[in-house]
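Beneath this line is the structure, given in structure tokens, with notes to follow.
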Amino acid sequence: MEKPLATALTHSLTHSLTHSLSVRFSESSDKGWFRSLFVHKVDARKDAHSNLLSKKEISNLYKIQFHNVKPECLDAYNSLQTEVQTRLHRDQDYPCEVVGSWNTWYGEQDQAVHLWRYRGGYPALSDCLQKLRDNKEYLEFRKERAKMLISRQNQLLLEFSFWNEPLPREGPNIYELRTYNLKPGTMIEWGNRWARAIKYRQKNNEAVGGFFTQIGDLYVVHHLWAYESLQSREETRNSAWQQEGWDVNVYYTVPLIRHMESRIMIPTKSSPLQ
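Every number in the working numbering is 15 more than the matching position in the sequence shown, counting from 1.
The following block contains the structure:
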């Protein structure tokens with residue numbers, strides 16, 4: 016009878032000790048790394064992440080276009096695109112503006128990337144599309160452009176509240192578009208981490224804009240950076256690792272990523288971001 020009793024007491028003590036350690040670990044974890052994920056008090060269950068992470072004081076909607084161009088047509092494509100951007104999309108009757116236009120230098124070759132801003136959100140986008148459908152000149156442009164393309168893709172984006180708004184800048188610069196496909200459900204965690212981390216990447220004015228998708232491929236983040244050269248990019252990125260706290264951001268955000276891609280891009284002559 017003593018052995019079963021001793022065994023029962025051992026199990027009871029083990030359970031109590033395990034429970035105690037579990038509670039302490041849970042409390043310690045909650046007060047430590049878990050709470051540090053959040054810069055502001057947010058509850059993802061009560062609101063969409065688009066409302067929690069985007070800029071509420073403005074209603075900008077962005078569109079990014081990826082055009083894969085036939086190699087022999089790239090020069091003609093750039094000339095045609097520049098003409099249309101100048102004659103149509105800078106017209107005040109159209110509630111949209113070109114933020115930047117680039118050709119991919121390193122990454123997918125013979126690719127054009129365009130970033131548009133619609134001031135006024137979805138109503139501005141709908142208004143612009145309707146006007147373009149009635150514009151015979153633009154319809155002819157689309158027919159001519161279609162002859163030059165292999166494929167095309169676009170996404171509608173919102174900008175993170177803690178990033179700079181992309182504004183025209185003088186060059187010459189090269190641009191890096193870093194694209195992150197996140198695990199579903201991790202956008203809030205990503206945003207709260209980068210709300211702290213962005214301060215480490217402002218020293219050389221390299222942070223141009225940060226966006227996340229609303230329509231198209233979902234849970235996709237785009238970070239846009241500007242550098243004087245590839246060597247400047249290397250030095251700037253290395254300097255971030257010398258700042259205490261940057262490594263913590265990388266540690267917590269890398270597990271959120273399913274896939275990532277980097278494009279080095281050269282602005283076209285008509286791009287406001289030079």
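Even glycine gets a Cβ: it sits at the ideal position worked out from N, Cα and C.
Note that the structure is predicted; figures quoted are calculated from it, not measured.
Just curious, the beta strand (DSSP E) that residue i is in, first and last residue?
| i | result |
| --- | --- |
| Gly224 | 222-230 |
| Ser254 | Run containing Ser254: none in the beta strand (DSSP E); it sits in the alpha helix (DSSP H), 245-255. |
| Gly115 | 112-121 |
| Leu144 | Unbroken run through Leu144 is the alpha helix (DSSP H), 136-148; no beta strand (DSSP E). |
If you run the structure through DSSP and keep just helix, strand and coil, what is residue i?
| i | result |
| --- | --- |
| Arg273 | strand |
| Arg107 | Residue 107 is actually Gln in this sequence, not Arg. Of the three classes helix, strand and coil, the one that applies to Gln107 here is coil, per DSSP. |
| Met163 | coil |
| Phe175 | strand |
| Tyr234 | coil |
| Asn169 | strand |
| Glu180 | coil |
Who are the Cβ neighbours of residue i in its own chain at under 7 Å, not counting the five residues just before and after it?
| i | result |
| --- | --- |
| Thr268 | Trp205, Arg208 |
| Pro110 | Tyr133, Arg134, Gly135, Ala139, Asp142, Cys143 |
| Gln229 | Ser65, Leu171, Leu172, Leu173 |
| Ser74 | Gly135, Gly136 |
Nearest-angstrom Cα distance between residue i and residue j?
| i | j | result |
| --- | --- | --- |
| His238 | Leu192 | 6 Å |
| Asn188 | Ser286 | 12 Å |
| Leu171 | Asn118 | 20 Å |
| Ala222 | Trp120 | 19 Å |
| Gly200 | Lys151 | 43 Å |
| Val263 | Ile213 | 12 Å |
| Arg160 | Leu182 | 27 Å |
| Cys143 | Arg248 | 37 Å |
| Lys284 | Asp90 | 12 Å |
| Gln217 | Asn179 | 10 Å |
| Arg157 | Met163 | 10 Å |
| Lys198 | Ala139 | 31 Å |
| Leu233 | Ser254 | 32 Å |
| Leu288 | Pro282 | 7 Å |
| Phe81 | Val235 | 14 Å |
| Glu250 | Met280 | 18 Å |
| Gln168 | Lys85 | 15 Å |
| Thr194 | Ser277 | 6 Å |
| Asn196 | Tyr190 | 20 Å |
| Ala127 | Gly224 | 18 Å |
| Tyr92 | Asp106 | 21 Å |
| Glu243 | Asp149 | 41 Å |
| Glu185 | Leu76 | 24 Å |
Can you say whether residue i is buried or exposed, counting buried as having 16 or more other CB atoms within 10 angstroms of its CB?
| i | result |
| --- | --- |
| His274 | exposed |
| Tyr266 | exposed |
| Trp256 | exposed |
| Leu374 | No answer is possible for residue 374: it lies beyond the span of the chain, which begins at 16 and ends at 289. |
| Ser116 | buried |
| Leu36 | Only weak support exists for where Leu36 lies, its pLDDT of 36 falling under 50; the coordinates are left without a value. |
| Arg102 | exposed |
| Gln124 | exposed |
| Gly260 | exposed |
| Ile79 | buried |
| Gly231 | exposed |
Going along the chain, which residues of its own chain have a beta-carbon closer than 8 Å to the beta-carbon of residue i, five neighbours each way excluded?
| i | result |
| --- | --- |
| Leu68 | Leu173, Phe175, Ser176, Met202, Ile203, Gly206, Phe227 |
| Asp108 | Lys146 |
| Glu87 | none |
| Leu95 | Phe156, Glu159, Arg160, Met163 |
| Gln100 | Val113, Ser116, Ser285 |
| Tyr153 | Val99, Leu103, Leu147 |
| Asn220 | Ala241 |
The alpha helix (DSSP H) spanning residue i covers which residue range?
| i | result |
| --- | --- |
| Glu191 | Per DSSP, Glu191 belongs to no alpha helix (DSSP H); it is in the beta strand (DSSP E), 189-197. |
| Leu89 | 89-102 |
| Ile203 | 202-212 |
| Asn75 | Element bounds for Asn75: not the alpha helix (DSSP H) but the beta strand (DSSP E), 75-84. |
| Asp262 | 261-268 |
Skipping 5 residues on each side, what residues in its chain have a beta carbon closer than 6 Å to that of residue i?
| i | result |
| --- | --- |
| Gln258 | Tyr215 |
| Val114 | Leu130, Arg132, Pro181 |
| Ser166 | Asn83 |
| Gly122 | Arg278 |
Cβ-heavy atom distance between residue i and the ligand COA below 7 Å?
| i | result |
| --- | --- |
| Ala91 | This structure does not include the ligand COA; it has no bound ligands of any sort. |
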